[in-house]
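Accompanying notes for the structure given below.
There are 2 protein chains.
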Amino acid sequence: MSNISDLIEQYLKKLLKDSLEDYIEIQRSKVASYFNCVPSQINYVLTTRFSTGHGYIVESRRGGGGFIRIIKLPLDRRVNLVLDICDLIGESISRVDAMGLINRLREEEVITQREKRLMCAVIDSKLRYLEMPVHNQLRALLLKAMVTAVLKE
Amino acid sequence: MSNISDLIEQYLKKLLKDSLEDYIEIQRSKVASYFNCVPSQINYVLTTRFSTGHGYIVESRRGGGGFIRIIKLPLDRRVNLVLDICDLIGESISRVDAMGLINRLREEEVITQREKRLMCAVIDSKLRYLEMPVHNQLRALLLKAMVTAVLKE
DNA sequence: TAAGTTAAAGTCAATCAAGGTCAAAGCGGG
DNA sequence: CCCGCTTTGACCTTGATTGACTTTAACTTA
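Chains as they are written, first to last, in the numbering used here: chain A, 1 to 153; chain B, 1001 to 1153.
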């Protein structure tokens, strides 16, 4: 398991973890040349692993002195966490986004490892009877039910 | 008794035995070309010899840098439990039976209160798109996935 | 200060690299 | 001969990589 995208992902997450702030600023071209890849690969990593669905916000500026800022949304247990998450999930959610969300919940220690596995197993179940759109809706339904159940204490 | 499938099976089991972890990661195409067979033969071996029923969990990822991970379930009483439970669940299960099983797992302290709520939420989800027989099948599928996931430690 | 230059980052489609599925053909023992 | 397990291959889906082209911002200079 070692494609460049994974390495870049880990690299960025480590930067975030080590940062004193809840965000980091990078230079696309720097990171790209550090990993010996084309700059657009960074965008690929950002869109596939640092989307809103994954709990991040990405801002940037072009031109001289440009940068990319990756902000980690705080995901703590206050008031409307459940509602926010359900909102985030909506009526329909892709497998990737669902997994991203679950991972984030785990990273924030909002859920345990076992709970993560449990939720992933549900999301990952090959619901072979179903068409894609229905599948995405079903997934949203189940995910919301799970998040609600596990967080409502 | 020496068809390719058996050889591949032994090969993979040896890898597992020699591994420091309780899992291995392989590349389907590599193994296939090592054994001079078509890639899909590996899938055949996996489904016929490394199923949950056999005490393994198989995960994978496609695309560049893809891999197949074979996880060996530790063979203590919990695993037998998983296998037995999966057996018990079968292809289809009613809501009442499912709930009963979950309660039982809780009573035995095999799962936590949160996990119980999580599982109940999944089972209880009104899967409004579906007919009864399919619903029962789906429930069985999800329940088995959950039990396996939560107990695989 | 407007115009031109340079230094970023963004987009998108093509291509490559896996693994998944399924049905049909092959084969071996009873 | 038949049944069930094995083998094969065509076709599918998903994910990663690359590069040509575009857009935006800052800097420089006349």
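Every residue, glycine too, gets a C-beta built ideally from N, C-alpha and C.
For residue j and residue i, the rounded distance between their alpha carbons
i               : j               : result
Q1027 (chain B) : A98 (chain A)   : 26 Å
D124 (chain A)  : S92 (chain A)   : 15 Å
I24 (chain A)   : S1094 (chain B) : 50 Å
G100 (chain A)  : E107 (chain A)  : 10 Å
V38 (chain A)   : S5 (chain A)    : 11 Å
E167 (chain A)  : I1085 (chain B) : Residue 167 (chain A) lies beyond the residue range present for chain A, which begins at 1 and ends at 153; the question has no answer from this structure.
I1057 (chain B) : S40 (chain A)   : 35 Å
K14 (chain A)   : F50 (chain A)   : 13 Å
V1134 (chain B) : E109 (chain A)  : 35 Å
Beta-carbon proximity check, residue i vs residue j, cutoff 9 Å
i               : j               : result
L16 (chain A)   : I70 (chain A)   : yes
A145 (chain A)  : A1149 (chain B) : no
L73 (chain A)   : I102 (chain A)  : no
V1031 (chain B) : E1009 (chain B) : no
L1151 (chain B) : V1082 (chain B) : yes
E1115 (chain B) : L118 (chain A)  : yes
T52 (chain A)   : L88 (chain A)   : yes
N3 (chain A)    : G1064 (chain B) : yes
Contact set for residue i: own chain, Cβ-Cβ below 6 Å, skip 5 residues either direction
i               : result
V79 (chain A)   : Low confidence applies here, because V79 (chain A) scores a pLDDT of 48, under 50, leaving its location unreliable; read the following figure in that light. Counting only Cβ-Cβ distances below 6 Å, and skipping sequence neighbours, we find nothing.
S1019 (chain B) : none
V1022 (chain B) : First, the amino acid is wrong: residue 1022 (chain B) is Asp here, not Val. Excluding sequence neighbours, D1022 (chain B) sits near K1072.
S29 (chain A)   : P39
I42 (chain A)   : R28, V31, A32
Chain A contact for residue i (CB, 9 Å cutoff)
i               : result
M1099 (chain B) : no
V1122 (chain B) : yes
Min CB distance residue i to chain B below 9 Å
i              : result
K152 (chain A) : yes
E9 (chain A)   : no
R114 (chain A) : yes
L118 (chain A) : yes
N3 (chain A)   : yes
D6 (chain A)   : yes
S92 (chain A)  : no
E109 (chain A) : no
Chain-order list of residues whose beta-carbon lies under 7 Å from that of residue i (same chain, five-residue window excluded)
i             : result
L7 (chain A)  : F35
R61 (chain A) : F67
Y11 (chain A) : none
Same chain, Cβ closer than 8 Å to residue i, neighbours up to 5 away in sequence not counted
i               : result
G90 (chain A)   : A140
T1048 (chain B) : S1005
*Output, in sequence order along the chain, the residues in the region 137-149 of chain A whose CB is closer than 8 Å to any CB in chain B.*
Q137, L138, L141, L142, A145, M146, T148, A149
*Contact list for the region 1016-1043 of chain B against chain A, Cβ threshold 7 Å*: E1025
*May I ask you to list, following chain order, the residues of the region 1041-1067 of chain B that have a beta carbon less than 7 Å from some beta carbon of chain A?*
G1064, G1065, F1067
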